[in-house]
Each structure stands twice: as C-alpha cells, then as structure tokens.
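These notes are about the structure you will find just below.
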Amino acid sequence: MEWLLAYDGRVHYFPSGHFVKFEIRLVKESEVVPHGIAYSFTFHEPDGIRLLGFDNAHPVPHSGGRYVKPKVEADHWHRTQNDDGRPYIFISPAQLLEDFFTEVEKICEAQNISTEVVDDKET
C-alpha cells in the first residue's frame, strides 16, 4: 500500500503539456469505500481540462431499471470531461493503477500524444 500512497500529490507531465495527477489517501472503510482508499487519478489537457478520471469522490448516478440494484460503492471512472461517471469494479490498488494507465494510453494513442514523462512534480 505504501507504494500507492507514494503517488499522492504527484503530477507527471508529457512533452505535449498533457499531464496525469494523483490524489490518494487512506480513509475509514465503509459501505461506500470498502477498501479504505480515497483516490482521484486524472488525465488533463495542457490547459487543465480533464480528459479522463478514475475516482471515488461520489457514487455515480444509477442506471438501469427499477429491478436493478444500484451500486453502493463510489468507485467509478469518467471517460470524458462531461461524463457523470460509470461504475468501476475495484479489484486491487495495482489493478486500479493499471486500468487508469491503460485508458490514458488509449487516449494518447488516438491523439498521437507521447506518454514519455518529461517532468514529475509534487503539488
């Protein structure tokens, strides 16, 4: 877990000015955050507009019929800046980080953005 917490406050910059930002802290386990990790992993355009986000700051709106049980956990991801979020199934901290970077790489590949980290700062 220490390795994940070491990402807290880090910002990694790509040559294009795009950046990824990490916020992670331990919290009391609850029904909404059963793994005890509050997190926000985001990918931004150079001007700061969010392109992608994985977080558990709030539960996502329920989708489905009245016979579909709503998800209690707050884990979700935003595919665009205007996406309200869709459920994310938290498996482990390592899988969360892998899934986030996989989605960042998909966007970068589609937009021809280099994922080489040229600067690494703490906020």
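The numbering used here numbers the first residue of the sequence shown as 34 and each following residue consecutively.
Even for Gly, the Cβ is constructed at its ideal location relative to N, Cα and C.
- request: Hey, could you find the ends of the alpha helix (DSSP H) residue 70 is sitting in?
  value: Careful: residue 70 lies outside any alpha helix (DSSP H), inside the beta strand (DSSP E) at 70-77.
query: Roughly how far, in whole angstroms, is the beta-carbon of residue 148 from the beta-carbon of residue 44, given that I think they are within contact range, below 8 Å?
result: No, residue 148 and residue 44 are not in contact; Cβ-Cβ is about 15 Å, not under 8 Å.
- request: At 3 residues or longer, and completely inside the region 89-151: list those beta strand (DSSP E) runs for me, N to C.
  value: 109-111
message: Tell me the rounded alpha-carbon separation between residue 107 and residue 142.
response: 29 Å
- prompt: Residues in its own chain within less than 6 Å of residue 50 by CB, not counting five upstream and five downstream?
  reply: 79
- request: Note down the Cα distance separating residue 122 from residue 67, rounded to an integer number of angstroms.
  value: 12 Å
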